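Q: Just so you know, the sequences run in chain order A and B.
Quick note on numbering: the first sequence equals residues 1 to 208 in the UniProt record's numbering.
Quick note on numbering: the second sequence equals residues 1 to 208 in the UniProt record's numbering.
A virtual CB, placed ideally from N, CA and C, is assigned to each residue, including glycine.
Note that the coordinates shown come from a computational prediction; the quantities given were computed from them, not determined experimentally.
Below you will find the structure I want to go over with you.
2 protein chains.
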Amino acid sequence: MARRTKAEAEATREALLEAAEEVFFEKGVARTSLEQIARHAGMTRGAVYWHFHNKADLFRAMLDRVRMPFEALVAETGASHPSPLETVRLGFQQSLLRMEQPRHRRVLAILIHRCEFFGDIDPCAVQAEMAGECLDALEGYFGEAQRLGLLKEGIATETATRLMQAIISGIFHDWLRDPDAYSIHERGMALINAQLALISRDETDTSR
Amino acid sequence: MARRTKAEAEATREALLEAAEEVFFEKGVARTSLEQIARHAGMTRGAVYWHFHNKADLFRAMLDRVRMPFEALVAETGASHPSPLETVRLGFQQSLLRMEQPRHRRVLAILIHRCEFFGDIDPCAVQAEMAGECLDALEGYFGEAQRLGLLKEGIATETATRLMQAIISGIFHDWLRDPDAYSIHERGMALINAQLALISRDETDTSR
DNA sequence: ACATTTGCATACATACGTGAATGTAAAAAA
DNA sequence: TTTTTTACATTCACGTATGTATGCAAATGT
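Structure representation (structure tokens):
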């Protein structure tokens, strides 16, 4: 084959990443060879080794296409809201909506269920980073809620934070085991609303 | 080497499983060969293929040593308790205590973070089975709690069940990312108690 | 006591995946 | 236009994992 133009080259790079997502999702990361990815994209391994240094590099590039910090999601919701609890609600709503997009769904499923650490990449660390980021944000919002007197009396900020973090994490993992079974956005928001109602001082506003 | 007696053979089988746990935990399932496992146990691959049909079979045998259904854990707590909420508390207490045992910790870590589906084995299905079992039990206990009027008014049985299930799942996954960081029994029971207090009609008894 | 089976170790055949080296034709630079 | 990169394709050398076949001495059955 002949050489491609710059735009075409970028297109094949995207095609390789797309192919990687699909084959990784179907067969797991360890069981797929670079040859299989290349063939799935209509290329050869030569193309893979040209655009990426090795399998770990390709994997990392795949992850980089879908990373989304929690704060960015909050910012994405637009206007700033008076209640930090409402901010949390909207942030997670954005987050859960994102997860239902096919690309994000696939990559997250790969990260959680279809890869183990290999080379110099540790998916566990990636998960820990995402979780920590989320926890920090939650801590901030719930801390402010506490100062504003929005939380039910007798419940510590830390407890409320950790409970919500665990709920999110649990919903996320349970859903990812079978993403086609139900909508994480629907069921997730129902649970988050319920929990927010449980920990709010005035239960009528957030209970939906 | 010479042939071993029946007891010795059973001992090497256990040794192989022990070695599998250790090497799987250190390097991940996909990246460890049967040769490595055998050498780690002081044997050769011949022993592995004698006791197990292949890697998937060995993996399954390893899992079978630590499986423990939720109902069995509840039964293990001894006397039956009047309140279904208290039963849930005690069941999870047993469960979390088990998880802190080195063997269980290691195998669970392997199942969640150090393997992807391979051959005819799907760790995701194993997880789903465990989660489903737990969910069914919870549904039963919370259903009875609802009938007994133990739950706070305005909260549906299904909501309470799913919230608790998500919390357990979340605690579990978060802890497994770094089991040495803290005690899942301590932190987990704190959260479970807090949540039980939140959903109980009379908040003074379960809030500790 | 002898035959048989068991519990492995060893050897072999096969397949596959990687990474690097090399080839090459067209695009981009000069 | 000529030269130089670029964007891959092809080939090769190497290591490594798997499954099976075979060997063998001691334990076990008779």
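(1) If you reduce the DSSP assignment to three classes, tell me which class Ser200 (chain A) lands in.
(2) May I have the straight-line CA-CA distance separating Arg201 (chain A) from Cys134 (chain B), to the nearest angstrom?
(3) Name, going along the chain, the residues of the UniProt domain "HTH tetR-type" (10 to 70) of chain A whose beta-carbon falls closer than 8 Å to a beta-carbon of chain B.
(4) Buried or exposed, going by whether 16 or more other CB atoms sit within 10 Å of the CB of Gln195 (chain B)?
(5) Does the separation of the CB atoms of Ala38 (chain A) and Gly46 (chain A) fall below 9 Å?
(6) To the nearest angstrom, how far is the alpha carbon of residue 209 (chain B) from that of Phe70 (chain A)?
(7) List the whole-angstrom C-beta distance separating Leu17 (chain B) from Met62 (chain B), where the pair is believed to meet the contact cut-off of C-beta under 8 Å.
(8) Answer with yes or no whether the minimum CB distance from Pro123 (chain A) to chain B is below 9 Å.
(9) Would you mind telling me which residues of chain A sit closer than 8 Å to Ser80 (chain B), beta carbon to beta carbon, in chain order?
(10) Based on Cα-Cα distance, which residue from A:Ser80, A:Arg162 and A:His185 lies nearest to Met189 (chain B)?
(11) Could you tell me whether the Cβ of Ala145 (chain B) comes closer than 9 Å to any Cβ of chain A?
(12) Taking Arg98 (chain A) as the reference, give the member of A:Glu86, A:Val74, A:Cys115 and A:Asp120 with the closest Cα.
(13) Using a Cβ cut-off of 8 Å, pull out every chain A residue sitting near Asp174 (chain B), in sequence order please.
(14) Distance check for Arg4 (chain A) and Glu10 (chain A), CA to CA, integer angstroms please.
(15) For Ala194 (chain B), go through chain A and note every residue whose CB falls closer than 8 Å to its CB, in chain order.
(16) Output, in chain order, the set of chain B residues within a Cβ distance shorter than 9 Å of Leu198 (chain A).
(17) Roughly how many whole angstroms lie between the Cα atoms of Glu22 (chain A) and Arg106 (chain A)?
(18) Rounded to a whole number of angstroms, what is the C-alpha to C-alpha distance between Gln165 (chain A) and Ala41 (chain B)?
(19) Could you check what DSSP says for Ile121 (chain A) in three-state terms: helix, strand or coil?
(20) Exposed or buried, what is Asp174 (chain B) when buried is set at 16 or more other beta-carbons lying within 10 Å of its beta-carbon?
(21) Residues bridged to Leu151 (chain B) by DSSP?
(22) Of all Cβ atoms in chain B, is any one closer than 9 Å to the Cβ of Gln127 (chain A)?
(23) Would you mind working out which of A:Thr77, A:Glu100, A:Phe142 and A:Gly143 sits nearest Val66 (chain A), comparing C-alpha positions?
(24) Would the beta-carbon of residue 265 (chain B) fall within 9 Å of that of Phe142 (chain B)?
(25) Listing by chain order, which chain A residues have their CB less than 8 Å from the CB of Glu116 (chain B)?
(26) Given a cut-off of 9 Å, decide if Lys152 (chain B) and Leu198 (chain B) are closer than it, judged by their beta-carbon atoms.
(27) Residues of the stretch 174 to 188 of chain B with a CB closer than 8 Å to any CB of chain A: list them in chain order, please.
(28) Let's see if you can read the secondary structure: which residues bound the alpha helix (DSSP H) around Glu14 (chain A)?
(29) Out of A:Asp64, A:Ser33 and A:Met43, point me to the one whose CA is closest to Asn54 (chain A)'s CA.
(30) Can you tell me whether Pro82 (chain B) is buried or exposed? The criterion is at least 16 other CB atoms within 10 Å of its CB, across all chains shown.
(31) Does DSSP put Val74 (chain B) in a helix, a strand or coil?
(32) So what does DSSP say about Ala41 (chain A), is it helix, strand or coil?
(33) Between the beta-carbon of Leu96 (chain B) and the beta-carbon of Ile184 (chain B), is there less than 9 Å?
A: To lay it out plainly:
(1) strand
(2) 31 Å
(3) Gly28, Val29, Ala30 and Arg31
(4) buried
(5) yes
(6) The structure shown does not extend to residue 209 (chain B), since chain B is modelled only from 1 through 208, so no value can be given for it.
(7) 5 Å
(8) yes
(9) Neighbours of Ser80 (chain B) on chain A: none; closest Cβ ~28 Å, over 8 Å.
(10) A:Arg162
(11) no
(12) A:Val74
(13) Ala131, Gln165, Ala166 and Ser169
(14) 9 Å
(15) Ile155, Thr159 and Leu163
(16) Lys152, Ile155, Leu163, Gln195, Leu198 and Ile199
(17) 8 Å
(18) 41 Å
(19) strand
(20) buried
(21) B:Ser200
(22) yes
(23) A:Glu100
(24) Nothing in the structure corresponds to residue 265 (chain B), since chain B is present only between 1 and 208.
(25) Gly28, Val29, Ala30, Arg31, His113, Arg114, Cys115 and Glu116
(26) yes
(27) Asp174, Arg177, Asp178 and Arg187
(28) Lys6 to Lys27
(29) A:Ser33
(30) exposed
(31) helix
(32) coil
(33) yes
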